[in-house]
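Going by our numbering, the sequence shown opens with residue 52, and the numbers climb by one from there.
Read the structure below first, then the notes.
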Amino acid sequence: MNDAVRNLEPKVLWNHFADLNAIPRPSKKEERIIEFMVNFGKQLNLDTFVDKVGNVIIRKPATPNFTDRKTVVLQSHLDMVHQKNADIIFDFEKEGIRMLVDGDWVTADGTTLGADNGLGVAAIMSVLSSKTLQHPNIEALFTIDEETGMTGAMGLESSLLKGDILLNLDTEEDDEIGMGCAGGIDITATQNYKEENTPTKTTAFAIAITGLQGGHSGMDIHRGLANANKIMNRILYDGFAKYGLRISEINGGSLRNAIPRESFAIVCIDSVSKTIFLSDIQILINNIKKEFLPIEPNLTITINETTSPKKVMNLGVQEQFLKSIYAALNGVYRMSPDIKGLVETSNNIARVIVKNETIKIGCLTRSSSESNKYDLANSLQSAFELAGFKVLLSGEYPGWQPNVNSEILGIVANLYEKLHHEKPNVAACHAGLECGILGQNYPHIDMVSFGPNIKGAHSPDERAQISSTQKFWNFLIEILKNIPKK
Numbered sequence: 052m053n054d055a056v057r058n059l060e061p062k063v064l065w066n067h068f069a070d071l072n073a074i075p076r077p078s079k080k081e082e083r084i085i086e087f088m089v090n091f092g093k094q095l096n097l098d099t100f101v102d103k104v105g106n107v108i109i110r111k112p113a114t115p116n117f118t119d120r121k122t123v124v125l126q127s128h129l130d131m132v133h134q135k136n137a138d139i140i141f142d143f144e145k146e147g148i149r150m151l152v153d154g155d156w157v158t159a160d161g162t163t164l165g166a167d168n169g170l171g172v173a174a175i176m177s178v179l180s181s182k183t184l185q186h187p188n189i190e191a192l193f194t195i196d197e198e199t200g201m202t203g204a205m206g207l208e209s210s211l212l213k214g215d216i217l218l219n220l221d222t223e224e225d226d227e228i229g230m231g232c233a234g235g236i237d238i239t240a241t242q243n244y245k246e247e248n249t250p251t252k253t254t255a256f257a258i259a260i261t262g263l264q265g266g267h268s269g270m271d272i273h274r275g276l277a278n279a280n281k282i283m284n285r286i287l288y289d290g291f292a293k294y295g296l297r298i299s300e301i302n303g304g305s306l307r308n309a310i311p312r313e314s315f316a317i318v319c320i321d322s323v324s325k326t327i328f329l330s331d332i333q334i335l336i337n338n339i340k341k342e343f344l345p346i347e348p349n350l351t352i353t354i355n356e357t358t359s360p361k362k363v364m365n366l367g368v369q370e371q372f373l374k375s376i377y378a379a380l381n382g383v384y385r386m387s388p389d390i391k392g393l394v395e396t397s398n399n400i401a402r403v404i405v406k407n408e409t410i411k412i413g414c415l416t417r418s419s420s421e422s423n424k425y426d427l428a429n430s431l432q433s434a435f436e437l438a439g440f441k442v443l444l445s446g447e448y449p450g451w452q453p454n455v456n457s458e459i460l461g462i463v464a465n466l467y468e469k470l471h472h473e474k475p476n477v478a479a480c481h482a483g484l485e486c487g488i489l490g491q492n493y494p495h496i497d498m499v500s501f502g503p504n505i506k507g508a509h510s511p512d513e514r515a516q517i518s519s520t521q522k523f524w525n526f527l528i529e530i531l532k533n534i535p536k537k
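This is the structure we're talking about:
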């Protein structure tokens, strides 16, 4: 299965990628991949060390005739998002990613692929291991925990790097050169409640929402994709308002940076209302599916009888909970007034858990405007606090403010046009790149971001384009040849 990937061109890059994907590397649990990278650097006899938070730094001297060029930091993150389809049996803690070649694309067997940001890491490894490429002094920075907090970038000491230019290899469109990104903040709402005995003469149902695309909660938020948590809330609210539906438990979504693809709930209805409830709820389900049909053709909503639970939520708390999810914004809050087509501020209602007398709601708010980031965060906090929740704002990280006068931006943009006979898309993005944090710690470093075509990041539909990866690799090689003198 993975052998086909190892035979792709450029072989050096795809083989390093396959080596990476053989190692479990979830955010917060990067011990094995850190050890792997340290061994990789030491086997090449390169200066290799791990900083106090777990970032790996490998230094490689310039090749002859490039010692007078500025030092370049090549940067990518080691961790990957772990997502899988519900029907796939896979242990991310123990198994390597099972990769497939499908035409011009590399995918995984029902899981995330890890191209975000494994292809960037593999490209840097290819530069470090090469004995023929021409390049200036290289500082390879492999950060940890980018996907769930950017704690690697945040914990990087301001004295470790000596580079003048930073090339971030974490962009997912091969014609785009990134010059800015959004910042973010995590919003967590929690509330305890008292369970009640399930009323007698009720019928229990298991509701399942599956088949959604999901995707990156920054790069895909503008597409209007369905959010499983929002759809589930819509169904539960309707059933509660009309038929007194009672909630026993909910398990919706997963990671904050992934648009929720699935949600599951156990509920009860008075048995007298069973027939009319099922008829009415099916009308709502049909309407929802019709609304999303053009962009979510595989949306599946099932409702099946199940064993009656022993306990259900307190009615008062349930009502406030359902209303708070309805009131909380999900999706685009504001488009950028400065850059056409760019989402400035958004929110993703990523995780909803109701179980064992505890409610937990997790959101990720993103914005390239610090003031609007907190404006939306305050709005969400207010909606949840009015419903009796305790709200914690955490994991805040800054955006990367564009610098249109950047020297390296001009060099890279001109080089792209020379190589491909068309202008690149020089843009800021709504994802949370580490450049904003690194720029705070190293304000003198000139930065750009680029990468190969990656679709469906943060979802089991993630795929990387083979021809685009070749294009990306050749572009990186040419950039390293054109780094300016000190």
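Ideal placement from N, C-alpha and C gives every residue a C-beta, glycine not left out.
{"Query": "Considering only DSSP beta bridges, list what Thr351 is partnered with.", "Result": "Thr261"}
{"Query": "With the cut-off set at 8 Å, would you say Leu344 and Ile310 are in Cβ contact?", "Result": "no"}
{"Query": "Going by Cα to Cα distance, which pick from Val56, Cys414, Leu179, Ala174 is closest to Lys92?", "Result": "The sequence given here places Gly at residue 92; Lys does not occur at that position. With distances taken between Cα atoms, Gly92 lies closest to Leu179."}
{"Query": "Provide the residue(s) that pair with Asp98 in DSSP beta bridges, ordered along the chain.", "Result": "Arg110"}
{"Query": "Would you be able to state if there are at least three C-beta pairs under 8 Å between the region 157-164 and the region 136-146?", "Result": "yes"}
{"Query": "Is there at least one non-hydrogen atom of the ligand COA closer than 7 Å to the beta-carbon of Phe501?", "Result": "Absence of the ligand COA is noted for the structure shown, with no ligands found whatsoever."}
{"Query": "Within 10 angstroms of its Cβ, does Pro348 collect 16 or more other Cβ (buried), or is it exposed?", "Result": "exposed"}
{"Query": "Which runs of the beta strand (DSSP E), 3 residues or longer, sit entirely within the region 405-457?", "Result": "409-418, 441-448"}
{"Query": "For the beta strand (DSSP E) containing Met201, name the first residue and the last one.", "Result": "No beta strand (DSSP E) contains Met201, which DSSP labels as neither H nor E."}
{"Query": "With 16 other CB atoms within 10 Å as the buried threshold, where does Ala508 fall?", "Result": "buried"}
{"Query": "Determine, using beta-carbon pairs with one atom in the region 231-238 and one in the region 479-493, whether at least three such pairs fall under 8 Å.", "Result": "yes"}
{"Query": "Exposed or buried, what is His413 when buried is set at 16 or more other beta-carbons lying within 10 Å of its beta-carbon?", "Result": "Per the sequence shown, residue 413 should be read as Gly rather than His. That one is buried."}
{"Query": "Are Asn355 and Ala482 touching if we call contact CB-CB under 8 Å?", "Result": "no"}
{"Query": "Use the C-beta contact count for Ile228: other C-beta atoms within 10 angstroms, 16 or more gives buried, fewer gives exposed.", "Result": "buried"}
{"Query": "Beta-carbon separation of Cys319 and Val383 under 8 Å?", "Result": "no"}
{"Query": "Is the CB-CB distance between Lys474 and Glu300 below 8 Å?", "Result": "no"}
{"Query": "Under a three-way DSSP split, which group does Ser127 fall into?", "Result": "strand"}
{"Query": "Between which two residues does the beta strand (DSSP E) holding Phe315 run?", "Result": "314-321"}
{"Query": "From the DSSP output, in three-state form, read off Asn280 for me.", "Result": "helix"}
{"Query": "Going by the beta-carbon positions, is the gap between Lys304 and Ala378 smaller than 8 Å?", "Result": "Per the sequence shown, the amino acid found at residue 304 is Gly instead of Lys. Result no, Cβ atoms of Gly304 and Ala378 do not sit closer than 8 Å."}
{"Query": "Applying the 10 Å Cβ sphere with the 16-neighbour rule, what's the burial state of Gly214?", "Result": "buried"}
{"Query": "Among residues of its own chain, excluding the 5 on either side of Cys286, which ones have a beta-carbon nearer than 6 Å to its beta-carbon?", "Result": "Before going on, a small fix: residue 286 reads as Ile here, not Cys. Cβ neighbours of Ile286 beyond the five flanking positions: none."}
{"Query": "Ordered along the chain, which non-local residues of its own chain (more than five positions away) have a Cβ less than 6 Å from that of Gly147?", "Result": "Asn72, Ala73"}
{"Query": "What did DSSP end up calling Ser177 once you bin it into helix, strand or coil?", "Result": "helix"}
{"Query": "Anyone know if the C-beta pair for Asp102 and Ile108 falls short of 8 Å?", "Result": "yes"}
{"Query": "Report the residue from Lys506, Trp156, Ile298, Pro115 whose alpha carbon sits nearest the alpha carbon of Leu366.", "Result": "Ile298"}
{"Query": "What residue does the beta strand (DSSP E) around Arg120 start on, and which one ends it?", "Result": "Taken as a continuous stretch (DSSP letters only), Arg120 belongs to no beta strand (DSSP E), as it is neither H nor E."}
{"Query": "Using 10 angstroms around the beta-carbon of Val323, count the other beta-carbons present and answer buried if the total reaches 16, otherwise exposed.", "Result": "exposed"}
{"Query": "How would you write the range of the alpha helix (DSSP H) that Ala69 sits in, first residue to last?", "Result": "62-72"}
{"Query": "Count the C-beta pairs between the region 113-124 and the region 55-65 that are closer than 8 Å, then say yes if the count reaches three, no if not.", "Result": "no"}
{"Query": "Confirm, please, whether the CB-CB distance from Leu184 to Phe68 is below 8 Å.", "Result": "no"}
{"Query": "Suppose you measure from the CA of Lys445 to the CA of Lys469; what does that come to, to the nearest Å?", "Result": "As written in the sequence, residue 445 is Ser, which differs from the Lys given in the question. If I take the Cα positions, the gap works out to 44 Å."}
{"Query": "State the beta-bridge partners of Met498 as determined by DSSP.", "Result": "Leu217"}
{"Query": "What is the DSSP secondary structure of Asp155, reduced to helix, strand or coil?", "Result": "coil"}
{"Query": "In three-state terms, what does DSSP make of Val463?", "Result": "helix"}
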